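Residue numbers (the working numbering): 6 to 364.
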């Protein structure tokens with residue numbers, strides 16, 4: 006005859022067990038476990054405890070053993086359950102992950118769940134689950150471009166320095182042109198948004214010409230100086246510089262962050278800048294438009310006003326753009342630059358390491 010190991014409670018344990026066994030504010034499962042230990046400490050046999058509490062004897066034995074192993078802590082939490090055993094072997098999971106990361110299917114650029122399932126001999130749902138667990142998304146691709154500018158680091162320090170520590174008695178503007186904005190007229194009216202159905206517009210349109218938006222974003226207060234012109238040559242750029250000159254206090258220096266477009270470096274532009282010494286141009290590195298915060302504002306005006314608009318002519322398009330700028334300036338949003346040069350260079354180094362690693 007097997008005799009269960011005797012349970013001896015410490016004074017502290019006895020107080021807790023009695024409180025749990027008699028308390029009405031504790032979970033029922035904890036009350037039941039406390040009663041099992043309480044009766045066991047009194048010397049009651051397992052089968053008698055099972056009859057009194059109307060539970061099975063194995064249950065009594067289980068919680069006696071849990072208490073002997075973990076004491077009070079063992080009663081408060083359920084024992085970990087093994088759950089359903091996985092049907093897919095760990096080696097197969099590794100094979101699917103490695104195939105996703107390092108191979109491509111025949112005659113295709115990337116794996117789909119169905120092509121991977123067929124290649125690995127598993128179900129489509131299994132591939133979906135494994136990709137979700139390992140955060141793999143072969144269907145997505147993002148673009149990147151590493152600058153090859155020989156003065157990249159020097160220009161990077163210059164631009165980031167203007168963002169994080171702008172000079173005193175000066176205004177910093179992010180300046181650029183959004184060229185070839187098309188005045189597109191949809192051939193049919195927009196179908197409005199309805200519950201469960203998004204707004205819809207025809208895929209075909211009529212072209213009514215283009216305009217170029219010149220914009221200067223003030224990084225201190227988020228306001229924008231903008232103007233639309235037919236072209237974006239050096240003549241138009243000089244005209245826009247004159248507009249900035251007239252719309253800003255004359256006693257402040259003006260630091261303009263611009264890209265490497267040839268118009269910005271034209272000899273006549275250089276000559277104009279010499280006659281206006283309060284203007285300073287800071288050029289971003291090549292292939293680094295992400296350094297110019299006005300690109301972020303261009304993204305907003307495109308998504309909020311231009312892309313889904315319908316314009317019968319260029320004049321309507323220009324009016325819409327100017328109205329958006331006026332509305333924006335009434336409640337401007339400041340785009341705050343937070344990345345340091347060091348953090349940017351760490352990301353670039355990681356990218357270069359990946360490019361140099363053989364795949």
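Positions of the beta carbon are idealized from the N, C-alpha and C atoms, including for glycine. As the structure is a prediction and not an experimental result, all values here were calculated from the model.
(request) Alpha carbon to alpha carbon, how far is residue 133 from residue 11? Give it in angstroms, no decimals. (result) 52 Å
(request) Answer with buried or exposed for residue 180, where buried requires no fewer than 16 other C-beta atoms within 10 angstroms of its C-beta. (result) buried
(request) Please determine if the segment 291–304 and the segment 193–207 are in contact, where contact requires at least 3 C-beta pairs separated by less than 8 Å. (result) no
(message) To the nearest angstrom, how far is the alpha carbon of residue 146 from that of residue 360?
(response) 16 Å
(message) For chain B, check one thing: does any of its Cβ atoms lie closer than 8 Å to the Cβ of residue 309?
(response) Among the protein chains of the structure shown there is no chain B, as only one such chain exists.
(message) Taking a contact to mean a Cβ-Cβ separation below 8 Å, would you say residue 224 touches residue 165 in this structure?
(response) no
(message) Which of the three DSSP states is assigned to residue 185 in this structure?
(response) strand
(message) Please classify residue 170 as buried or exposed, where buried requires at least 16 other C-beta atoms within 10 Å of its C-beta.
(response) exposed
(message) If you measure between the beta carbons of residue 259 and residue 285, is that distance less than 8 Å?
(response) yes
(request) Could you give the DSSP three-state label for residue 41: helix, strand or coil? (result) helix
(request) Figure out for me which residue from 257, 216 and 222 has the closest Cα to the Cα of residue 237. (result) 216
(message) On a Cα-Cα basis, can you pick out the residue from 53, 60 and 45 that is closest to residue 72?
(response) 45
(message) I want to know whether the segment 150–167 touches the segment 104–123 - three or more CB-CB distances under 8 Å.
(response) no
(message) To test your reading of the DSSP string, which unbroken alpha helix (DSSP H) runs of 4 or more residues are found completely within the segment 32–81?
(response) 33–46, 51–58, 62–75 and 77–81
(request) Check whether the segment 240–257 touches the segment 349–357, taking contact to mean three or more Cβ pairs, one atom from each stretch, closer than 8 Å. (result) no
(request) Excluding the 5 residues preceding and the 5 following residue 68 in the sequence, name in chain order all residues of the same chain whose CB lies nearer than 6 Å to its CB. (result) 38 and 41
(request) For my contact list, residue 3 and residue 342 are in at a C-beta cut-off of 8 Å; report their separation, rounded to the angstrom. (result) It is not possible to answer for residue 3, since the shown part of the chain is limited to 6 through 364.
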